[in-house]
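Notes follow once the structure below has been shown.
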Amino acid sequence: MSKKIIFLKFLTIAFFGALLVSFLVYAWNPPTSPPPSGNIPTPINTGNTSQSKEGDLDIGGGSQKYWITKLGDSFALKNNSGQVKFILGQNGNVGIGTEEPKDKLDVAGNILISPNYKGLYWAQGGVPKFWLRTCGASDRVSLCLRNVVDYTYPNDGILSITPDGGLWVRGKVGIGVTNPQAKLDVNGNINFDGQKLCYCIWKAGYLGNDWVSATILAPATWTPDDCDEVCKFASAYPRGCDDMLTETYCLWDHNVTGGKKFSGVVYKHRYSGKEETWPDGYPNPNCGW
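Using this note's numbering, the letters of the sequence shown correspond one by one to residues 3 to 291.
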C-alpha cells in the first residue's frame, strides 16, 4: 500500500514538473504595446510582431553613428551632429541633404553619375523617351540629349554640348517659330558682336559652287519695275571663313505668271575676311537692258 502511495506521489510530481518545463521552453511572445508609464522601455522586437518605439534609435554607437528618427510626419536619418541626411515623407517625397523635399526627389548638392551608365531618362507610359547622358569618344566626351533607346555608349545625340561650350544640333533649330523650315529659322532680328559676318559654304547649289545665301528686295529707286528683287550669292573655299570669299549680286526678272528668270550679274565683290570689310549698302545697277 505504501509503495502504491509513493508511486502516485512520484507520478504527480512528474506531471507538474513536465507542465512547468513546457511553460519554460515555450517560445516567448513579444509585447504588442508599450509599457505603462514608469516601467522600463520595451525591448526591440526581433520577431514578426509589429512594434511601436518612441524616441530615436542609435545605429552604430560611438562617435560615428546614425539616428533613425521621426521628423514631423516623416522618416529621417540623422548623423551624429543631428543633421538630417535622408528623409522620406508621408507624400512619398525623398530628400537628400534637405529636411523639406519639394518633389519626389529633392537633392541639396551635386549628383554624380558614373561613366558608362544610362544617365537620366524621362519615360512616358513606362517607355523611356529622352536620355541625358555623356556621349562621344573618351578624348571628346560631350553631354548629349538622345531620343532613341540606346543603352550603349553613343557617339552623338539630337543635342550635344561639347566640353569647350560648343552646341551641336542634329535637326532644325527654330527661334521664335514653332515649326522651323531650315537648319536655323529665326523670326526676328539677329545681332552679333564681331567685325565681320562670314558665310562658311560647304554645300553646292545654284551656279556650280555658288550658294544662295540671301534674297533681298531691291530698293525702290531701281529701274525698271520688273527688276524688283536682287539675289546675293556667296561662294568660298571649304577651308574656313577667313579664306577668299566672293559675293555676286544678280537680278531676277518677274514675268506675268509670277515666275522668275535670271537676268545677269550686276555686281561682284571679292574680299578676304581678314583684310577687307563688307561693302556699304547694296549695288546700284542699271536695269534698263
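Glycine included, C-beta positions come from ideal geometry on N, C-alpha and C.
Spatial distance of residue i from residue j (CA atoms)
i, j, result
"Gly-62", "Glu-56", "19 Å"
"Asp-187", "Asn-93", "44 Å"
"Gly-210", "Pro-165", "Because Gly-210 sits at a pLDDT of 33, beneath the cut-off of 50, its placement in the model cannot be relied upon, and the point is left open."
"Leu-107", "Asn-95", "6 Å"
"Trp-69", "Val-129", "38 Å"
"Lys-72", "Gly-111", "23 Å"
"Ile-115", "Pro-38", "50 Å"
"Thr-100", "Asp-60", "21 Å"
"Trp-133", "Gln-53", "43 Å"
"Ser-76", "Gln-126", "29 Å"
"Ile-177", "Gly-74", "48 Å"
"Lys-104", "Phe-88", "14 Å"
"Gln-183", "Ile-98", "44 Å"
"Leu-169", "Ile-46", "58 Å"
"Leu-247", "Ser-144", "For Leu-247, the pLDDT reaches just 44, beneath the cut-off of 50, and the residue's location in the model is therefore unreliable, leaving the point undetermined."
"Cys-146", "Ile-163", "6 Å"
"Lys-185", "Ile-113", "34 Å"
"Asn-191", "Asn-181", "18 Å"
Beta-carbon contacts of residue i that lie in its chain and below 6 Å, excluding the five residues immediately before and after
i, result
"Val-171", "Leu-161"
"Val-86", "Ala-78, Lys-80, Glu-101"
"Leu-122", "Leu-134"
"Asp-58", "Trp-69, Thr-71"
"Trp-124", "Lys-131, Phe-132"
"Gly-84", "none"
Residue i, enclosing beta strand (DSSP E) - first and last residue
i, result
"Lys-174", "Lys-174 -> no beta strand (DSSP E), and no H or E assigned at all."
"Ala-78", "76-80"
"Ile-46", "No beta strand (DSSP E) holds Ile-46; DSSP gives it neither H nor E."
"Asp-60", "59-61"
Expected contact under 8 Å - CB spacing of residue i and residue j to nearest Å
i, j, result
"Asn-50", "Lys-67", "Contact doesn't hold; Cβ gap of about 27 Å is too wide."
"Asn-149", "Lys-131", "7 Å"
"Val-179", "Asn-193", "Not a contact, Cβ separation roughly 18 Å."
"Gly-159", "Cys-137", "6 Å"
Paired residues, beta bridge with residue i - DSSP
i, result
"Gly-97", "Ile-89, Asp-108"
"Asp-187", "Gly-176"
"Thr-1", "Not covered by the structure: residue 1. The range shown for the chain is 3 to 291."
"Leu-73", "Ser-76"
"Ile-163", "Leu-145, Leu-169"
Cutoff 7 Å; reference residue i; Cβ partners in own chain excluding five residues on either side
i, result
"Val-109", "Ile-98, Gly-99"
"Leu-90", "Ser-76, Phe-77, Val-96"
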